[in-house]
Amino acid sequence: MATASQSIQIRFDGYFAIVILPTDGSLLDYLFLDQMRLTLDSILKNDRVRAVLTIGRGNIYSNALDLEKLNHLSKDQIKDLKAKFVTLLIRFITFPMPTVAAINGVAHAAGAILALAHDFRAMTIDDSSNFSLSNLLALFQSTPPIFQICRVKVSNQQILRDIILCNQEWTGMEAVKDGLIDVSVEQKELLSASKMLIKEKFGNDIRYDASNFGQRKKNLYQL
Numbered sequence: 293m294a295t296a297s298q299s300i301q302i303r304f305d306g307y308f309a310i311v312i313l314p315t316d317g318s319l320l321d322y323l324f325l326d327q328m329r330l331t332l333d334s335i336l337k338n339d340r341v342r343a344v345l346t347i348g349r350g351n352i353y354s355n356a357l358d359l360e361k362l363n364h365l366s367k368d369q370i371k372d373l374k375a376k377f378v379t380l381l382i383r384f385i386t387f388p389m390p391t392v393a394a395i396n397g398v399a400h401a402a403g404a405i406l407a408l409a410h411d412f413r414a415m416t417i418d419d420s421s422n423f424s425l426s427n428l429l430a431l432f433q434s435t436p437p438i439f440q441i442c443r444v445k446v447s448n449q450q451i452l453r454d455i456i457l458c459n460q461e462w463t464g465m466e467a468v469k470d471g472l473i474d475v476s477v478e479q480k481e482l483l484s485a486s487k488m489l490i491k492e493k494f495g496n497d498i499r500y501d502a503s504n505f506g507q508r509k510k511n512l513y514q515l
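Counting with the numbering used here, you get residues 293 to 515 for the letters of the sequence shown.
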């Protein structure tokens with residue numbers, strides 16, 4: 293049975309579904325992928341929800357990959373795990389309502405690219421903030437969709453180069469400057485600033501044409 297720190301939690305605040313990510317281990321994990329799939333299914337069934345916000349706990353949005361754990365999996369299991377993770381990323385990118393990642397500190401590997409899969413991103417400005425795909429791309433080097441996702445979400449070719457080739461890390465302020473993050477704020481303001489990113493675009497009651505919102509995302513990102 294999963295502990296509280298290993299489980300996704302969800303709460304509802306007005307028109308927002310707030311998804312709280314687990315802190316134990318990385319997000320490239322069967323337990324996380326199954327839980328997130330079910331969580332997104334439940335959100336779609338809630339008629340009141342008009343936007344999704346994901347956030348971590350403490351100062352961790354996501355840890356780096358647990359390579360020791362992955363080494364215990366067979367090649368077929370790793371292949372299946374990577375396929376399921378890509379499916380989750382594409383589902384987030386094309387999710388039929390606005391999404392925002394509230395990056396509450398460290399966002400590495402699977403969590404960093406999950407944040408990129410959101411429509412909007414806010415990040416803490418303090419010294420604990422750190423954004424990097426780290427060792428994710430080495431694991432996914434033969435998985436073209438991961439690199440396609442990077443290309444469709446990062447338009448600046450120099451920044452894309454630094455992500456893919458240099459394993460560069462960004463603080464919250466640096467990530468805003470380079471266009472990876474929309475806004476960087478103090479930790480205590482992160483939740484409200486993340487919501488405001490959605491409200492500034494869609495109004496306080498978050499209005500948009502839900503009948504084709506997901507399709508417009510597919511057209512935008514050619515997915």
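Beta carbons are placed, not taken as given, at the ideal position from N, Cα and C, and that holds for glycine. All values reported here derive from a predicted model rather than from experimental measurement.
Provide the residue span of the beta strand (DSSP E) that contains residue i, from first to last.
i: Y353; result: 352-354
i: M389; result: M389 -> no beta strand (DSSP E), and no H or E assigned at all.
i: I347; result: 343-347
i: D305; result: 301-305
i: A414; result: 412-416
Tell me, to the nearest whole angstrom, how far the beta carbon of residue i is from that of residue j; I am working on the premise that it is less than 8 Å.
i: R443; j: L429; result: Not confirmed; about 13 Å, so no contact.
i: K367; j: T435; result: K367 to T435, Cβ: 13 Å. No contact.
i: K509; j: I335; result: The pair is not a contact, with the Cβ atoms about 16 Å apart (cut-off 8 Å).
i: I441; j: I405; result: 7 Å
Within 10 angstroms of the Cβ of residue i, are there 16 or more other Cβ atoms? Answer buried if so, exposed if not.
i: H364; result: exposed
i: L431; result: buried
i: M293; result: Per-residue confidence for M293 stands at a pLDDT of 46, beneath the threshold of 50, marking its modelled position as unreliable; no derived number is given.
i: Y307; result: buried
i: L327; result: Here the sequence assigns Gln to residue 327, which means Leu is not the residue at that position. Per the 10 Å Cβ criterion, buried.
i: F304; result: exposed
i: G403; result: buried
i: T379; result: exposed
i: K487; result: buried
i: G348; result: buried
i: S426; result: buried
i: R342; result: buried
Which two residues bound the contiguous alpha helix (DSSP H) that contains residue i?
i: F439; result: 436-445
i: M488; result: 482-494
i: S334; result: 322-336
i: N511; result: 505-513
i: I455; result: 449-458
So, residue i versus residue j, is the Cβ gap smaller than 9 Å?
i: H410; j: V398; result: no
i: P390; j: Y500; result: yes
i: N446; j: F387; result: Residue identity check: residue 446 is Val in the sequence provided, not Asn. Not in contact: V446 and F387 (Cβ atoms no closer than 9 Å).
i: Y322; j: K376; result: yes
i: S476; j: A414; result: yes
i: D346; j: A401; result: According to the sequence shown, residue 346 is Thr rather than Asp. No, the Cβ-Cβ distance between T346 and A401 is not below 9 Å.
I want to know whether the stretch 312-329 touches the stretch 464-475 - three or more CB-CB distances under 8 Å.
no
Under 8 Å: do the stretch 415-425 and the stretch 458-467 share three or more Cβ pairs, one atom per stretch?
yes
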